[in-house]
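In the working numbering, the protein residues as written are 10 to 140. Some notes on the structure that comes next.
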């Protein structure tokens, strides 16, 4: 899919048909992924994917705490979006980047902010005690 094409849309019923090792699709954050070719490579084993085949897998995906590297692999398996009328709105959906490719770009900003805040607080405490 080129970056200029509109993403293909699927209903949840269409995704549900892809629930076997011959064709395995997942819904994660209202996006559809064809992970059929990834089953053998999946570090958690194919059973985990087969259990969620054709279903909403957002909660299971987030509960595992996938790394930024794992999230970047998702790009290769993205095939489209769930139709807007069938979107599920969860806290994770609002926090997850709209574009999976943006995951790595924004990930380090939060750590930088936290580190700067910690240094500022420690500096304040140290300077307060020395005066």
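Quick reminder that beta carbons are idealized off the backbone N, C-alpha and C, glycines included.
According to DSSP, simplified to helix, strand and coil, what is residue 40? strand
Going straight from the alpha carbon of residue 132 to that of residue 121, what length do you get? 16 Å
Please classify residue 54 as buried or exposed, where buried requires at least 16 neighbouring CB atoms within 10 angstroms. Classification for residue 54: exposed.
How would you label residue 84, buried or exposed, when you count the other beta carbons within 10 angstroms and need 16 or more for buried? exposed
Cβ contact check for the region 85-96 and the region 15-26: 3 or more pairs under 8 Å: yes
Any idea if residue 124 is buried or exposed, counting beta-carbon neighbours within 10 angstroms, 16 or more meaning buried? By the neighbour-count definition (other C-beta atoms within 10 Å, threshold 16), residue 124 is an exposed residue.
Please state the DSSP three-state secondary structure of residue 106. Caution is warranted here: a pLDDT of 48 is assigned to residue 106, below 50, making its placement in the model unreliable, and the coordinate value is therefore given only provisionally. In the three-state reduction of the DSSP assignment, residue 106 falls in the coil class.
Residue 18 (DSSP reduced to helix, strand or coil): The DSSP-derived three-state label of residue 18 is strand.
Hey, could you find the ends of the alpha helix (DSSP H) residue 72 is sitting in? 67-73
Give the single residue among 37, 97, 14 whose Cα lies nearest to the Cα of residue 70. 37
Which residue or residues does DSSP assign as beta-bridge partners of residue 91? 19
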